[in-house]
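Remember, my numbering sits 1024 above the position in the sequence shown when you count from 1. The beta carbon of each residue, even a glycine, is placed where N, CA and C say it ideally should be. What follows is a short report on a single structure.
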Amino acid sequence: MHYNKLGKSGIRLSEIAFGSWITFAKQLGTKEVKEFMHVAFDHGINFFDNAEGYAHGEAESLMGTAIKDFRREDLVLSTKIFWGGNGPNDTGLSRKHLLEGTKNSLKRLAIDYVDLLYCHRPDAETPIEETVLAMDYLVRNGYALYWGTSEWSAAQIETAYQIAESMNCIKPSMEQPKYNLFFRNHLENDYLPLFKKYGLGTTTWSPLASGILSGKYDHGIPRDSRLAQESWLIPENFQQQVDKVKELAKLAQELGCTVAQLAIAWCLKNPNVSSVITGATKIQQLLDNLGAIEVKPKLTDEIMKKINEISQK
1025 MHYNKLGKSG
1035 IRLSEIAFGS
1045 WITFAKQLGT
1055 KEVKEFMHVA
1065 FDHGINFFDN
1075 AEGYAHGEAE
1085 SLMGTAIKDF
1095 RREDLVLSTK
1105 IFWGGNGPND
1115 TGLSRKHLLE
1125 GTKNSLKRLA
1135 IDYVDLLYCH
1145 RPDAETPIEE
1155 TVLAMDYLVR
1165 NGYALYWGTS
1175 EWSAAQIETA
1185 YQIAESMNCI
1195 KPSMEQPKYN
1205 LFFRNHLEND
1215 YLPLFKKYGL
1225 GTTTWSPLAS
1235 GILSGKYDHG
1245 IPRDSRLAQE
1255 SWLIPENFQQ
1265 QVDKVKELAK
1275 LAQELGCTVA
1285 QLAIAWCLKN
1295 PNVSSVITGA
1305 TKIQQLLDNL
1315 GAIEVKPKLT
1325 DEIMKKINEI
1335 SQK
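What follows is the structure in structure tokens.
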């Protein structure tokens, strides 16, 4: 396991992280979450991702129970604030919800602070100035060590930096974008000026495109699969993506790895990716995902070219 700096920030994250979206509470209970986190930690993962909106806060509660087994200093923990409930002030990035949402997340996680705190989505109804001031307050008062954004446009992130500069506020340190072989424009094009200008870090999600890049959907959608349970995740070009995965699988076979390991290793090769967030419902899935670390050195320039040619057809 390699530990990367979060952009220009000093904190170091395991290059593969373990996340809780969809799986915690819905598919994994307390016993399973504890087992997964111990296996992940024992294999070098120190970064665990969460959000107030995951399973309506239950994912944070489960993680909070599990992390009692660990020394706090050994973990990098994150949460994201936006979707906190149904009340008029329970969603968005107002100062009120950011402060209250963060405090509620910390209670569920049973910790004093999170290492990374994200604005889970942009909020068109709240001035960015208000959001920047609130995040500055949360970091300065010890509720979080670093703050960032998730699924913000490059222009919105640039605005946040400029406002933070003009108001003498703590600047964002990271963005959490979707990034995989089928979804790459944000990170590879839009954010490039931010990487160069500010040293922005990234903790990317969906490396397997909701499991499509694992090859599990090559012959249809199994009843117990993520896409069967969360049909809204099925892309319009689903069959085209499946056809590409079948081609990528042949290349993976030549390298002696699975197509999932190939896809994750491809993400790891990008120097602007600080950590790749993975999820799993079976221990073997977690172990297989970790195998991507051994595949990364095999992705030569020639192999990367072949991968890109297949995925961008």
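Approximately 16 Å separates the beta-carbon atoms of residue 1155 and residue 1129; this is outside 8 Å, ruling out the contact. Buried is the label assigned to residue 1139, since at least 16 other Cβ atoms lie within 10 Å of its Cβ.
Of 1217, 1316 and 1229, the smallest CA-CA separation from residue 1043 is found for 1229.
Taking C-alpha positions only, residue 1094 is separated from residue 1262 by approximately 40 Å. Residue pairing from DSSP places residue 1198 in a beta bridge opposite 1172 and 1225.
At the C-beta level, residue 1125 and residue 1105 come within 8 Å of one another. In the DSSP assignment, residue 1042 falls within the unbroken beta strand (DSSP E) covering 1040-1043. Our two residues, residue 1180 and residue 1146, have alpha carbons roughly 8 Å apart in a direct line.
At the C-beta level, residue 1199 and residue 1234 stay beyond 8 Å of one another.
Within a 10 Å sphere around the beta-carbon of residue 1260 sit fewer than 16 other beta-carbons, which makes this residue exposed. Residue 1204 is bridged by DSSP to 1207. In this structure residue 1238 is buried. Its beta-carbon is surrounded by 16 or more other beta-carbon atoms within 10 angstroms. Under DSSP, residue 1103 takes part in a beta bridge, and its partners are 1141. Residue 1301 is bridged by DSSP to 1041.
Nearest to residue 1193 by alpha-carbon distance, out of 1273, 1222 and 1158, is 1158. Annotated as proximal: residue 1047 and residue 1305, with beta-carbon spacing under 8 Å. The alpha-carbon separation between residue 1025 and residue 1075 amounts to approximately 25 Å. Pairing residue 1273 with residue 1121, the inter-Cα distance amounts to about 45 Å. According to the DSSP assignment, residue 1029 belongs to the beta strand (DSSP E) that extends over 1027-1029. Counting C-beta atoms within 10 angstroms of its own C-beta, residue 1285 has 16 or more neighbours from the protein chains shown and is therefore classed as buried. At a cut-off of 4 residues, the continuous stretches assigned as alpha helix (DSSP H) that sit fully inside the stretch 1052-1090 are 1054-1066 and 1082-1090. Secondary structure note for residue 1310: its alpha helix (DSSP H) is the uninterrupted segment 1307-1314. Residue pairing from DSSP places residue 1115 in a beta bridge opposite 1107.
Minimum Cα-Cα distance from residue 1134 among the listed residues 1209, 1114, 1161 and 1090 corresponds to 1090. A straight-line Cα-Cα distance of about 47 Å links residue 1151 and residue 1243. DSSP places residue 1048 in no alpha helix (DSSP H); its state is neither H nor E.
Within the same chain, Cβ atoms closer than 8 Å to the Cβ of residue 1162 are found at 1122, 1123, 1126, 1141, 1168 and 1171, the five residues on either side in sequence being excluded.
Under the three-state reduction of DSSP, residue 1036 is assigned to strand.
In this structure, the straight-line span from the alpha carbon of residue 1219 to that of residue 1203 is close to 16 Å. DSSP, reduced to helix, strand and coil, places residue 1281 outside both helices and strands of the structure shown, so it counts as coil.
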